[in-house]
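First residue of the sequence shown: 1025, per our numbering; consecutive thereafter. C-beta atoms are modelled at their ideal positions from N, C-alpha and C, and glycine is treated no differently. Given the structure is predicted, the values throughout are model-derived calculations rather than measurements. Data block below; observations after.
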Amino acid sequence: MLEKIKETAAFLAGKVAEMPKTAIILGTGLGTLVDFMEDKQYIPYKDIPNFPVSTVEGHSGNLIFGKLGGKLVMAMQGRFHYYEGYDMKQVTFPVRVMRALGVETLFVSNAAGGMNKEFKVGDVMVICDQINLFPENPLRGKNYNELGDRFPAMTEPYDHALIALADKIAAEKQIRLMHGVYVGTTGPTFETPAEYEYFRIIGGDAVGMSTVPEVIVARHGGMRVFGISVITDLGGKDIHDVPSHEEVQLAAVKAQPTVVTLMREMVARS
Ligand code: HPA
């Protein structure tokens, strides 16, 4: 694994003039944040050695280097999901490469189902904590001390100072910003009413099929993390919505201006 990380990092370092210290993983329907980037350099995943190739509709599959809010960034347009069949090492490989390239701060976004009864479709939630309900931890197996500790603390998975900055920006821009705990599950099924209810009872506010593995690996590598979920559907005992991939994408796209404003300001000011 170490060799692969080094090989991929060396490939990217040879392509890009100046390496960013900030990376962004763009979730479902949020890919157009890249429209707000300047001086863009696209590198398709299929051209990057050791990178898996994204298979899901709505995920373009490019690593994009450029500037956002005046700051150098590396953006992943499309991520690798466990439900696609990738193993946890593949899902989190890009985060390892980011770290090897010197990235210090990781911004993540995703679409998620809301269990919190205060939430509305289209709300934007700052992820304050997470619950790993994937059947596997991405750190399972041999630990490489070069990459991080065997037993990393997860007391502050999402950086408190970055959450405070998001609150400040939300107040300035009059953005309704919710806070909550993200539950990560494998999917690809959306939850049953009882499952949404169960996730709410154990402390979850939103549920999705990504993010948790990448954040574990980012924290293992010592990166600061900031995450947001766009609430694209609601679930629970008395909620009879039938979520679909199309509905999720539509709701995510609608919330996009808010997410773009927030993310751009966060990147510029962090
Ligand atoms: N459940 C799981 N993943 C999701 C959902 C959901 O309701 N909405 C968007 N991604």
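Alpha carbon of residue 1232 to alpha carbon of residue 1093, nearest angstrom: If you number the sequence shown from 1, residue 1232 lands on position 208. If you number the sequence shown from 1, residue 1093 lands on position 69. Approximately 28 Å, taken between the alpha carbons.
Segment contact, 8 Å Cβ cut-off, at least three pairs: the segment 1101-1108 with the segment 1228-1248: yes
Cβ neighbours of residue 1148 in the same chain (closer than 8 Å, five flanking residues each side left out): Within the sequence shown, residue 1148 is the residue found at index 124, counting from 1. 1199, 1200, 1201, 1202, 1252, 1253, 1254, 1255, 1279, 1282, 1283, 1286.
Where the alpha helix (DSSP H) through residue 1254 begins and ends: Here residue 1254 refers to the residue found at position 230 of the sequence shown. Segment 1248-1258 is the beta strand (DSSP E) holding residue 1254; no alpha helix (DSSP H) there.
Cutoff 6 Å; reference residue 1089; Cβ partners in own chain excluding five residues on either side: Along the sequence shown, read from residue 1 onward, the residue named residue 1089 stands at position 65. Counting only Cβ-Cβ distances below 6 Å, and skipping sequence neighbours, we find 1040, 1065, 1098.
Chain-order list of residues whose beta-carbon lies under 8 Å from that of residue 1226 (same chain, five-residue window excluded): By 1-based counting over the sequence shown, the position of residue 1226 is 202. The answer, listed in chain order, is 1155, 1207.
Three CB pairs or more closer than 8 Å across the segment 1259-1271 and the segment 1184-1193: no
Touching by the beta-carbon criterion (3+ pairs, under 8 Å), the segment 1045-1052 and the segment 1127-1140: yes
Near the ligand HPA: residue 1279 beta-carbon under 7 Å from a heavy atom: In the sequence shown, residue 1279 corresponds to position 255, counting from 1. Not so, every heavy atom of the ligand HPA lies at least 7 Å from the Cβ.
Beta carbon of residue 1298 nearer than 8 Å to that of residue 1237: Residue 1298 falls outside the range modelled here, since the chain spans only 1025 to 1294, and no answer is possible.
Cβ neighbour criterion (16 or more within 10 Å) applied to residue 1276: Stepping through the sequence shown from its first residue, residue 1276 is reached at position 252. Per the 10 Å Cβ criterion, buried.
For residue 1116 and residue 1162, believed in contact at Cβ under 8 Å, the rounded distance: On the sequence shown, residue 1162 is found 138 positions in, with the first residue counted as 1. On the sequence shown, residue 1116 is found 92 positions in, with the first residue counted as 1. That belief holds up - the Cβ atoms of residue 1162 and residue 1116 are roughly 5 Å apart, short of 8 Å.
DSSP three-state assignment for residue 1264, whether helix, strand or coil: Position 240 of the sequence shown holds residue 1264. Residue 1264 falls in the coil class under three-state DSSP.
Contact under 8 Å by Cβ, residue 1239 with residue 1249: Mapped onto the sequence shown, residue 1239 falls at position 215. Mapped onto the sequence shown, residue 1249 falls at position 225. Yes, these two residues count as a Cβ contact at 8 Å.
Buried versus exposed call for residue 1216 [16 or more other C-beta atoms within 10 Å across all chains shown]: Translated into the one-based positions of the sequence shown, residue 1216 becomes position 192. The residue is exposed, with fewer than 16 neighbouring Cβ atoms inside 10 Å.
Residues near residue 1062 in its chain [Cβ-Cβ closer than 7 Å; skip 5 each side]: Here residue 1062 refers to the residue found at position 38 of the sequence shown. For residue 1062, where only same-chain residues beyond five positions count, the Cβ hits under 7 Å are 1090, 1091.
Residue 1045, DSSP secondary structure in three states: Translated into positions along the sequence shown, residue 1045 becomes position 21. Reduced to three states, the DSSP call for residue 1045 is coil.
DSSP state of residue 1071 mapped onto helix, strand, coil: Your numbering for residue 1071 matches position 47 in the sequence shown. Three-state DSSP puts residue 1071 in a helix.
Boundaries (first-last residue) of the alpha helix (DSSP H) holding residue 1220: Numbered from its first residue, the sequence shown carries residue 1220 at position 196. Looking at the DSSP string, the run of the alpha helix (DSSP H) that includes residue 1220 is 1217-1225.
Any non-hydrogen atom of the ligand HPA within 7 Å of residue 1215 CB: The residue labelled residue 1215 in the question sits at position 191 within the sequence shown. The answer is yes for residue 1215.
Nearest-angstrom beta carbon gap, residue 1229 and residue 1205 [assumed within contact, 8 Å]: The residue you call residue 1205 lines up with position 181 of the sequence shown. The residue you call residue 1229 lines up with position 205 of the sequence shown. Rounded, the Cβ-Cβ distance is 5 Å, consistent with contact.
Same chain only: Cβ atoms within 6 Å of residue 1214, ignoring 5 sequence neighbours per side: What you label residue 1214 is simply residue 190 of the sequence shown in a count that begins at 1. Within the same chain, residue 1214 has close Cβ partners 1267.
Own chain partners of residue 1122 with C-beta closer than 6 Å, once the 5 adjacent residues on each side are dropped: For the purposes of this step, residue 1122 is taken as residue 98 along the sequence shown, with counting starting at 1. If we look at residue 1122 and ignore the five residues flanking it on each side, its Cβ neighbours are 1047.
Per-residue DSSP class, three states only, for residue 1091: Taking the first residue of the sequence shown as position 1, residue 1091 is located at position 67. Here residue 1091 sits in strand by DSSP.
Heavy atom of the ligand HPA within 7 Å of residue 1137 beta-carbon: Residue 1137 sits at position 113 when you count from the first residue of the sequence shown. Residue 1137: yes, Cβ under 7 Å from the ligand HPA.
Distance, residue 1223 Cα to residue 1142 Cα: The residue you call residue 1142 lines up with position 118 of the sequence shown. The residue you call residue 1223 lines up with position 199 of the sequence shown. Computed Cα separation, rounded: 15 Å.
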